Amino acid sequence: MSQKSELVTLTAEQMSAKLRSGEISARELTQAELDVIGAAEPSIQAFLARSSEEALAQADAVDKRRAKGEELPDLAGVPVAVKDMIVTKGIETTAASKILKGWIPPYDATVVARMKRVGMPILGKTNLDEFAQGSSTENSAFHPTFNPWDTTRVPGGSGGGSASAVASFESPLALGTDTGGSIRQPAAFTGTVGVKPTYGHVSRYGAIAMASSLDQVGPCARTVTDAAMLYDVIAGYDDHDSTSLPGKLPSMAAAAVKGARRDLKGLRIGIVKEATGDGFEPEVNASFNEGVELLEGMGAEVKEMSFPNFLHGIRVYYVIMPAEVSSNLARYDGMRYGLRVMPPAGVPQTAANMMACTREAGFGPEVKRRIILGTYALSAGKYDEWYGKAQRVRTVMIQDFAKAFRDIDVLVCPTAPTSAFKLGEIQDPATMYRNDIATIPANLAGLPALSIPSGLDGSGMPTGFQIMAAQRHDDTAFTVASALESAFTEKWGAPIWTKMKTPWLDSMPEE
Amino acid sequence: MATFTKEQVKRIGDLAAIALTDDEATSLESELNGLAESIDELNTIPTDGVEPTTNPVFLEAYLRPDIAAPPLDRDAALASAPATENGMFVAPRILGEE
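These protein sequences, in sequence, are chains A and B.
Take the first sequence: its position 83, counting from 1, is numbered 132 in my numbering, and each next residue is one higher.
Take the second sequence: its position 64, counting from 1, is numbered 69 in my numbering, and each next residue is one higher.
Put into structure tokens, the structure is as follows:
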């Protein structure tokens, strides 16, 4: 393995240590990641835009500050990729939609501003399903992204770009957004770690709105500690987001370090019974059960718990989410930014016709499907029957979880019912939606939830283990995840990514 | 009875300001009816006396301190507009005939 390959396969935590000791510079590290991107992109296509010059300038600024002897934050100089659902000042942001193609945002999202303040070079913008709507990244208006474990398979979605970028060593860290599983399901499909924080822990200011009562920004990484370090950078109160929770948060990195001691005595764990049987592939269940045994081996008390409404979450979601989507995406009207398509000749050239033609041309099929469904759910005839009902069942689910968390500390289940499927394999929307059946409930209830790799199935594809905690107890989820990650890694003899073939790393330029 | 007819899909398209093609309306009709059947199963869950949820994490409404801050400046706000004139957005006409 070349020196450069060794550098990029380090964890963010290890990169941080080498930057601190002066063994490497931020520029060297950033250039190494840009070289991986250059070598990997033809086969992975994780990025929609690269910001190489900006990234190197940010790296140089960090090196300069360090040379002056400044005390810098842990992740100063550690590069990061950003899902193209999050706005970046001066860097094209599209949400993978034709309607925003070419849009250069005039401001940074709060999470981006915080990463810049810490000195994290931003490598570029990662691919996604259009407006984060999908579970495979095949709905991107521009191109699909491929799973680095097997490029005939999808990386999951909507954040397939961020997950693949991290899995393929194009970046040690990335940001995602998670409305129904868009960070966690891609993490499961790519053998990486993905975290959806408690609703309100991370600012949504500058995260392009999909479904505002469900959306949350979170970290993607190869290890739990790396994800925790990025979480600590982006989380915390922001007065630009009215749903941001006031108050100081504990260090998630410290919670992860605590977990790595692998002492879970006294910890109470519930298994979601409904998310472990029928409809979940036997191999997914098998690796999940191995994880449960490891947790028991570390002293945790584990019991099965029934959540009769858990699997109804997907039905609640497919009312509330499209309703919010139809409202949020009303802003794409061809007036102030983004695409404008005038009506064809012979049709009155009015503003209303321009909007209808712009939205017809600018949105893809999945986005239209959800806008139509949501517009209907909010119409006079269905408002109570669908929207009101879904909001009430949502309350019941929140109460079910709150009651359960009186007796347990975390809930666990597989992240997704299957491992990564082939591109083009799933055509039917309802079948595609089922991918998120185990991840959606955490969004509906505002719970922190994360996914870590639980092994490889018979086809050599990763499976995911999901850990959910009570609202505002993200640190507990990190502790348990870190303990389990450590136990799995010991069992496998090495981190899961060492099992992945990476021909793009061998073809990198060496100097 | 099916929830959606093709005519209804087109009407909702008008309400949502999307000029759906005939083919799109046809495929949406069958896809959405499949989803509607599944959504209707929510009615089997008892929710009498249950309040609806809008924000999943309880947060008491509060006012932030009233501190003035500069907004986006006009040039930046107009920079990505499809059409501008004299520092304003230009929209197609709202009312009237050709």
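Using N, Cα and C, we set each Cβ at its ideal position, and we do this for glycine too.
Predicted model only: the values in this text are computed from it and were never measured.
Exposed unless 16 or more other CB atoms sit within 10 angstroms - verdict on residue i
i                      : result
residue 477 of chain A : exposed
residue 297 of chain A : exposed
residue 378 of chain A : buried
residue 511 of chain A : buried
residue 67 of chain B  : exposed
residue 100 of chain B : exposed
residue 163 of chain A : buried
residue 418 of chain A : buried
residue 91 of chain B  : exposed
residue 521 of chain A : buried
residue 440 of chain A : buried
residue 79 of chain B  : exposed
residue 72 of chain B  : exposed
Inter-residue CB distance, residue i and residue j (contact presumed, cutoff 8 Å)
i                      : j                      : result
residue 187 of chain A : residue 472 of chain A : 6 Å
residue 97 of chain B  : residue 405 of chain A : Contact doesn't hold; Cβ gap of about 12 Å is too wide.
residue 313 of chain A : residue 130 of chain A : In fact, because the Cβ distance is near 33 Å, the residues do not count as touching under 8 Å.
residue 370 of chain A : residue 184 of chain A : Not quite, the Cβ-Cβ distance comes to about 13 Å (not below 8 Å), so this is no contact.
residue 98 of chain A  : residue 140 of chain A : 6 Å
residue 594 of chain A : residue 235 of chain A : Residue 594 of chain A falls outside the range modelled here, since chain A spans only 50 to 560, and no answer is possible.
residue 442 of chain A : residue 358 of chain A : 7 Å
residue 444 of chain A : residue 57 of chain B  : 6 Å
residue 549 of chain A : residue 198 of chain A : 6 Å
residue 70 of chain A  : residue 112 of chain A : Contact flag wrong, Cβ pair sits at about 14 Å.
residue 249 of chain A : residue 64 of chain B  : 7 Å
residue 323 of chain A : residue 504 of chain A : The pair is not a contact, with the Cβ atoms about 22 Å apart (cut-off 8 Å).
residue 270 of chain A : residue 264 of chain A : Not a contact, Cβ separation roughly 20 Å.
residue 195 of chain A : residue 86 of chain A  : Contact flag wrong, Cβ pair sits at about 14 Å.
Chain B contact residues for residue i, given Cβ-Cβ distances below 9 Å
i                      : result
residue 171 of chain A : Those within 9 Å of residue 171 of chain A in chain B number zero; the least Cβ separation is about 20 Å.
residue 439 of chain A : 44, 47, 57
residue 43 of chain A  : No statement about residue 43 of chain A is possible, as the shown extent of chain A runs from 50 to 560 and does not include it.
residue 251 of chain A : The contacting residues do not exist; residue 251 of chain A stays about 12 Å from chain B at best.
residue 361 of chain A : 46, 47, 49, 50
residue 262 of chain A : 58, 59, 60, 61
residue 367 of chain A : 40, 43, 44
residue 377 of chain A : Chain B residues near residue 377 of chain A: none, gap ~12 Å exceeds 9 Å.
residue 265 of chain A : Here the premise fails: no neighbours, minimum Cβ distance about 10 Å.
residue 516 of chain A : None at all; the shortest Cβ gap to chain B is about 18 Å.
residue 541 of chain A : Per Cβ cutoff of 9 Å: no residues; residue 541 of chain A is ~36 Å from chain B at best.
residue 455 of chain A : Chain B residues near residue 455 of chain A: none, gap ~16 Å exceeds 9 Å.
Within chain A, the residues that residue i reaches when beta carbons sit closer than 8 Å
i                     : result
residue 38 of chain B : Result: empty, since nearest Cβ-Cβ is about 11 Å, beyond 8 Å.
residue 29 of chain B : 414, 417
residue 33 of chain B : 417, 418, 421
residue 64 of chain B : 249, 292, 294
Residue i - partner residues in DSSP beta bridges
i                      : result
residue 462 of chain A : A/515
residue 93 of chain B  : B/90
residue 406 of chain A : In DSSP, residue 406 of chain A forms no bridge with anything.
residue 352 of chain A : A/319
residue 98 of chain B  : A/399
residue 505 of chain A : A/511
residue 9 of chain B   : Residue 9 of chain B pairs with nothing; no bridge assigned.
residue 132 of chain A : A/175
residue 283 of chain A : The partner list for residue 283 of chain A (beta bridge, DSSP) is empty, contrary to what the question assumes.
residue 484 of chain A : Answer is none; residue 484 of chain A lacks a bridge partner.
residue 199 of chain A : A/196
residue 98 of chain A  : A/174
residue 499 of chain A : A/244, A/516
residue 26 of chain A  : The displayed coordinates of chain A run from 50 to 560. Any statement about residue 26 of chain A would go beyond what the structure contains.
residue 137 of chain A : A/140
Under 9 Å by beta carbon: chain A residues contacting residue i
i                     : result
residue 77 of chain B : 155, 156
residue 7 of chain B  : Per Cβ cutoff of 9 Å: no residues; residue 7 of chain B is ~13 Å from chain A at best.
Under 7 Å by beta carbon: chain A residues contacting residue i
i                      : result
residue 18 of chain B  : 421
residue 106 of chain B : Any question about residue 106 of chain B goes unanswered here, given that chain B covers just 6 to 103.
residue 73 of chain B  : Chain A residues near residue 73 of chain B: none, gap ~13 Å exceeds 7 Å.
Residue i: contacting residues in chain B (beta-carbon distance under 7 Å)
i                      : result
residue 322 of chain A : Correct list: empty, because the minimum Cβ distance to chain B is about 18 Å.
residue 425 of chain A : 17
residue 405 of chain A : 22, 23, 24
Cross-chain neighbours of residue i in chain B, by beta carbon under 8 Å
i                      : result
residue 432 of chain A : Here the premise fails: no neighbours, minimum Cβ distance about 11 Å.
residue 444 of chain A : 52, 55, 56, 57, 58
residue 409 of chain A : 23, 24, 25, 26
residue 182 of chain A : Neighbours of residue 182 of chain A on chain B: none; closest Cβ ~14 Å, over 8 Å.
#### Entry: Interface residues of the stretch 221 to 235 of chain A facing chain B [CB-CB below 9 Å]
Within the stretch 221 to 235 of chain A, no residue qualifies.
Going along the stretch 272 to 292 of chain A in order, which residues come within less than 8 Å of chain B, judged by CB to CB distance? For the stretch 272 to 292 of chain A, which is checked against every Cβ of chain B, the residues closer than 8 Å are 288, 292.
### Query
Which of the residues in the stretch 91 to 113 of chain A, read from start to end, lie with their CB under 8 Å from any CB of chain B?
Answer set for the stretch 91 to 113 of chain A: empty.
Name the residues in the stretch 489 to 504 of chain A whose C-beta lies less than 7 Å from a C-beta of chain B; which are they? Answer set for the stretch 489 to 504 of chain A: 493, 494, 495.
Residues from the stretch 112 to 144 of chain A in contact with chain B, defined by Cβ distance under 8 Å
Of all residues in the stretch 112 to 144 of chain A, none has a Cβ within less than 8 Å of some Cβ in chain B.
Please list, in chain order, the residues of the stretch 461 to 480 of chain A that have any C-beta partner in chain B closer than 7 Å.
Correct list: 478, 479.
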